[in-house]
Structures are given as structure tokens and as C-alpha cells.
Amino acid sequence: MDGRVLVTGGAGFIGSHVVDLLVEAGTEVRVLDCFHPAAHSRRPGYLNPAAELLVGDLTDPEVAASAVEGVDAVCHQAAMVGLGLDFTEAPDYVAANDLGTARLLAVLAARGFRGPLVLASSMVVYGEGRYRCERHGDVRPAPRAPADLEAGRFEPSCPECGAPLRPLSIGEEAPLDPRSVYAATKLQQEHLCAAFAREREGIDYTALRYHNVYGPRMPRDTPYAGVASIFRSSLAAGSAPRFFEDGAQLRD
């Protein structure tokens, strides 16, 4: 596309690939990244040298204002990632993800931004997924109880009759049911961006709900990367990979 594109989190795993594609297409790119130690503490060697780099925290008003100066489109990839299961971490997730997004949208609004806006959301907004009971049809099960897991009952039970449920694929229009701090902040990001787009009629806004992305430049200390490397090492050694539960888990 013509003009300048801001990629927040552009030095990260997914963001850096977005930067490469934009540069390859002849687009002028500005990267904003805070170089969080959980991802990378300094400029990674793979970051495209053709992109302008701005180092700073999106929650800082001055940094956010500098980042959006003169941009024609925004790809918002920056976020604190993880499971977010411990509520002691809630302020950190909300600050990085929701306050950061709100700060970005505020400075865009102040500058009369009307270009395309793309948000990196996540599959976690769907919660446990879609299940069907033979008697009651599609249902939304509660979180699995530790006693059931210890007894080898890995599939959720029907909230109406207690019968085992059958997992189904999830459509884009499935009910949203975030069940962790991280999931709640990702859904809030979607709501904030949607409200921004509605207020500024005509803005092209898209939220992408990523599902288990993996590949080159993936941080090595994430659960996904750990699983991939463990499976690969087991197979290379002629051993069967170790699965938890019954191995029938699905991701669609």
C-alpha cells in the first residue's frame, strides 16, 4: 500500500514478519517496540533494516504521539502475551494491552487518523470452545474440575445432564467467553478498536484472532515453542512424544 504503516510490536515474532512483507511490497514502515525482556531485550538481528525503529512503551503518551505522526495505516501487534491465569498479574496485562491500545487510539483520534487499522487478537476470546451434548445440543461447559482430571475424565461434561460432550470446530461467530486475564484484555482490545472505528465512520478496522501461531523467530521460552522442540527431540531420538491427558485434544 502507499503511505507509511505503523507496526506496533514490530520487532516481535509475528510483527517482524508483517514488517518484512510490507517492506517487500514497497511500503514505508515504522516499528514501535519496547524490547520487553520476555521477548527480546535488544534489537533482534532479523529486524528489517529498511524499517524505521522507534523504541518505547506504547502506554507513554509522548511515545505514542511520536509513533503515529504521519502514519496512514496501523497494524497493532504489541501486547503482553501469556496465559494470564494469576490475577496478581492483572494490572500488568491490563496496562500493556488495554491501556496501550487506548493510548494508541487516543493519539490517532487527536491526529484525525482515518486509515486502515488491524488488531492482533487471539483465539482465547472463545474460551473453552464449542461442545455438543447428544441430548441438549450445543452447550457451554464450565471449566473442568480437578477431580475429573485426576479420574481421567478429560472431556467437559454437559452442564444440564452431566453426560460427556463431543468437541466441535469453532466458527468465527461463536459466542465469546474469555476465561483468563489475558483473554479478557484481548477482547477488550477488540471492543476499544471497534468503538474507535464506529465513532470515526468509514475506518477500515479488522481484528485477527490468531490460533497457535508458530514458526521462525518464535520466542524459545513460550509453551508453544517448548512443545514443538520437545516433540521434535523425542522423534529424533526414536522415542514417542509425551502427551498429557488422552491425546485427543483438538485445535481448529
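Under my numbering, the letters of the sequence shown match residues -9 to 242, in that order. By construction, the Cβ of each residue, glycine as well, lies at the ideal position given by its N, Cα and C atoms. Keep in mind it's a predicted model, so treat the numbers as computed, not measured.
Cutoff 8 Å; reference Asp82; Cβ partners in own chain excluding five residues on either side
Met70
Given Thr(-2) as reference, the closest of Glu14, Leu11, Val19, Val13 once Cα atoms are compared:
Val19
Straight-line gap, Leu233 to Phe221 (C-alpha atoms, nearest Å)
Checking the sequence, you will find Phe at residue 233 rather than Leu. If you take the alpha carbons of Phe233 and Phe221, they lie about 9 Å apart.
With distances taken from CA atoms, which of Asn202, Gly16, Asp50 is nearest Leu95?
Asp50
For the candidate residues Asn38, Ser223, Cys24, whose alpha-carbon lies nearest to that of Arg207?
Asn38
Considering Cα atoms alone, identify which of Asp10, Leu11, Glu162 is closest to Ser112.
Glu162
Taking contact to mean at least 3 C-beta pairs separated by less than 8 Å, is the stretch 48 to 63 in contact with the stretch 86 to 93?
yes
For Leu11, count neighbouring Cβ atoms within 10 angstroms of its own Cβ and tell me buried if that reaches 16, exposed if not.
exposed
Using the beta-carbon count (16 or more within 10 Å), is Arg93 buried or exposed?
buried
Quick check on DSSP: helix, strand or coil for His26?
coil
Less than 9 Å separating the beta-carbons of Gly105 and Gly16?
no
Within 10 angstroms of its Cβ, does Gln239 collect 16 or more other Cβ (buried), or is it exposed?
exposed
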